[in-house]
Amino acid sequence: MTSIEFLEEFVSLCSDDVVIIASSGRNCRDLYRVGDRDGNFYMVGAMGGASAFGLGIALADKNRKVVVVDGDGSALMKLGNMVTIGNMCSMKNLTHIIINNKQYLSTGGQPCQRVDFKTFAFSCGYLRSFNLFGLDSSAKIFNQLWYTGASFINAHVTSSKKYARPAISLFDNYERFKEFLRRK
Amino acid sequence: MNSGSNLAKKLIDEGHTIFIGVPCSRLKGFLKEVGDKAMFVTSESEAVMIAAGMATVGYKPVVFLQNSGIGDVIEPLASFAGIADVGIVFVVSRRGGPGDEVHHTKMFEYDKIIESFINKESKVLFV
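Residue numbers (the working numbering), protein chains in the order written: chain A, 804 to 987; chain B, 26 to 152.
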């Protein structure tokens, strides 16, 4: 399963009102490649901060489903973010995904440190936590998201080819995203 | 009543309903007044990003920290929250003034750098 195959499958299940935040690096390129949408935010800066940004949105609007598409390197940089998410009660509108390629792909494929993210997410307090190794088991896992607390998917992927950067500036993306979140 | 609690009252009166950050002994009075509107997180940079998410939806979040955490907030501000129009109010307690402990004094010289990463929607209050 490549990262783009996983994302295509997952995004196809998200309705237009679902927020999807991609962490800096390859996830931004991959999410943009899958398809630009008003609910997408490409977090090109703030290394490791996408998960906390997603938590803030999910806390501020409990009726909004929020998906964070994180990387294993990004998550490792700010592991405390996962502790906070897991400690929050009733974050049923938050799903945190790690696109786990075991490397810093954007900077040349240097190896990441390893941790058992599925177990770690459980110990932080996420109520549902899964390893996903291939698309054949994805439907079973996707059907169990949006439970009574935050959900977590550790998606073990191989790398896709390097797609183009999002052709929308950070500022335009942010203004569009803000307007999307405040639209009634 | 100390100045910290007055500041908290003022911010609450101005419509700030959520305060996110890392505690400091000098913010004790402030945090007591904030009460259950406070959310304590694992790092200052995390506080910035949670606040940014809430501000994007329409909240008016306050991030509180001791100046020793300034280094941690610079990156998320410089690459995102301080350059896009994200409105965050920062309350920063300043350690390291005359007579304070030696491990705080160097940061006291640098901590006002946070003001250079703040956009028009945000402000910094030193206490």
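For every residue, glycine included, the Cβ atom is placed at its ideal position computed from N, Cα and C. Source: prediction; values computed, not measured.
Please determine, among the options, the residue with the shortest C-alpha to C-alpha distance to residue i.
i        : options                                : result
A/Ser962 : A/Gly857, A/Glu978, A/Asp833           : A/Asp833
A/Asn903 : A/Met891, A/Ser893, A/Val918, A/Gly911 : A/Val918
B/Asp136 : B/Met74, B/Leu150, B/Asn144, B/Ser50   : B/Leu150
A/Asp873 : A/Ile888, A/Cys892, A/Ser827           : A/Ser827
A/Met880 : B/Asp110, B/Ser68, B/Lys53, B/Phe55    : B/Ser68
B/Pro86  : A/Gly889, A/Lys868, A/Gly859           : A/Gly859
B/Val47  : B/Asp38, B/Ala77, B/Phe115             : B/Phe115
A/Ser806 : A/Ala825, A/Gly848, A/Thr922, A/Asp839 : A/Ala825
B/Thr130 : B/Gly112, B/Ser28, B/Gln91             : B/Gln91
B/Asp97  : B/Glu58, B/Lys148, B/Met132            : B/Met132
A/Ser818 : A/Gly838, A/Leu973, A/Ser972           : A/Gly838
B/Ser93  : B/Ala77, B/Ile75, B/Gly122             : B/Gly122
B/Gly29  : B/Gly54, B/Ala77, B/His128             : B/Gly54
A/Arg870 : A/Trp949, A/Phe983, A/Arg979, A/Val960 : The displayed chain sequence assigns Val, not Arg, to residue 870 of chain A. With distances taken between Cα atoms, A/Val870 lies closest to A/Trp949.
A/Lys981 : A/Asp864, A/Lys943, A/Gly889           : A/Asp864
B/Asn144 : B/Gly112, B/Ile95, B/Gly78, B/Met64    : B/Gly112
Would residue i be called buried (16 or more neighbouring beta carbons within 10 Å of its own) or exposed?
i         : result
A/His899  : buried
A/Asn884  : buried
B/Arg120  : buried
A/Arg931  : buried
B/Glu126  : exposed
A/Arg1009 : Because chain A spans 804 through 987 in this model, residue 1009 of chain A falls outside it and cannot be assessed.
B/Phe142  : buried
A/Phe809  : buried
B/Met26   : Its pLDDT being 49, under 50, B/Met26 is placed unreliably in this model, and the value from its coordinates should be taken loosely. Counting Cβ neighbours within 10 Å, B/Met26 comes out exposed, since fewer than 16 surround it.
B/Ile138  : exposed
A/Tyr977  : buried
A/Gly876  : buried
A/Phe845  : It should be pointed out that residue 845 of chain A corresponds to Tyr in this sequence rather than to Phe. By the neighbour-count rule (16 or more Cβ atoms within 10 Å), A/Tyr845 is buried.
A/Ala878  : buried
A/Phe974  : exposed
B/Leu102  : buried
B/Ser147  : buried
A/Thr887  : buried
Taking Cβ-Cβ distances shorter than 7 Å, what residues in chain A pair up with residue i?
i        : result
B/Ala77  : Phe856, Gly859
B/Ala109 : Leu973, Phe974, Tyr977
B/Met74  : Ala849, Gly852, Ala855, Phe856, Gly859
B/Val66  : Thr887
B/Glu71  : Ala855, Lys881, Gly883, Asn884, Thr887
B/Glu39  : Ordered by position in chain A, no residue passes the 7 Å Cβ test against B/Glu39, which lies about 18 Å from the chain.
The alpha helix (DSSP H) with residue i in it runs from where to where?
i        : result
B/His128 : 127–135
A/Leu834 : 829–837
B/Met64  : First-last for B/Met64: 63–65, but that is the beta strand (DSSP E), not the alpha helix (DSSP H).
A/Arg979 : 973–985
B/Val87  : It is not in any alpha helix (DSSP H) - B/Val87 instead sits in the beta strand (DSSP E) that spans 87–91.
B/Asp38  : 28–38
B/Thr42  : Where B/Thr42 is concerned, there is no enclosing alpha helix (DSSP H), given that its DSSP letter is neither H nor E.
A/Phe933 : Careful: A/Phe933 lies outside any alpha helix (DSSP H), inside the beta strand (DSSP E) at 931–935.
A/Ile860 : 853–863
B/Val73  : 69–82
B/Val114 : Premise fails: B/Val114 lies in the beta strand (DSSP E), 114–118, not in any alpha helix (DSSP H).
Output, in chain order, the set of chain A residues within a Cβ distance shorter than 9 Å of residue i.
i        : result
B/Phe105 : Met846, Val847, Gly848, Ala849, Gly852, Phe856, Leu973, Tyr977
Name, please, each residue of chain B whose Cβ falls closer than 9 Å to the Cβ of residue i.
i        : result
A/Phe925 : Residues of chain B passing the Cβ test: none, with the nearest at roughly 18 Å.
A/Phe980 : Thr81
A/Arg985 : Thr81, Val82, Gly83
By the criterion of Cβ-Cβ separation under 8 Å, what are the contact partners of residue i in chain A?
i        : result
B/Val116 : Correct list: empty, because the minimum Cβ distance to chain A is about 18 Å.
Since residue i is in the beta strand (DSSP E), which residue starts that stretch and which ends it?
i        : result
A/Tyr845 : 843–845
A/Ile888 : Counting along the chain, A/Ile888 falls outside any beta strand (DSSP E), though it belongs to the alpha helix (DSSP H) covering 882–890.
A/Asp873 : 869–874
A/Leu897 : 897–903
A/Phe809 : Taken as a continuous stretch (DSSP letters only), A/Phe809 belongs to no beta strand (DSSP E), being part of the alpha helix (DSSP H) at 806–815.
Q: Mind the definition here: the segment 967–980 of chain A touches the segment 33–40 of chain B only if three or more C-beta pairs lie below 8 Å; say whether that holds.
A: no
Q. Of the residues that make up the segment 861–887 of chain A, which ones have a beta carbon closer than 7 Å to any beta carbon in chain C?
A. Protein chains A and B are contained in the structure displayed, whereas chain C is not.
Q.
Check whether the segment 845–855 of chain A and the segment 932–939 of chain A are in contact - that is, three or more C-beta pairs closer than 8 Å.
A. Cβ pair count under 8 Å is below three, so no.
**Q.** Meets three-Cβ-pair contact criterion under 8 Å: the segment 76–92 of chain B and the segment 41–60 of chain B
**A.** The segment 76–92 of chain B makes contact with the segment 41–60 of chain B, as at least three CB pairs between them are under 8 Å.
Q) Quick one: any contact between the segment 885–897 of chain A and the segment 942–961 of chain A, if contact means 3 or more CB pairs under 8 Å? A) yes
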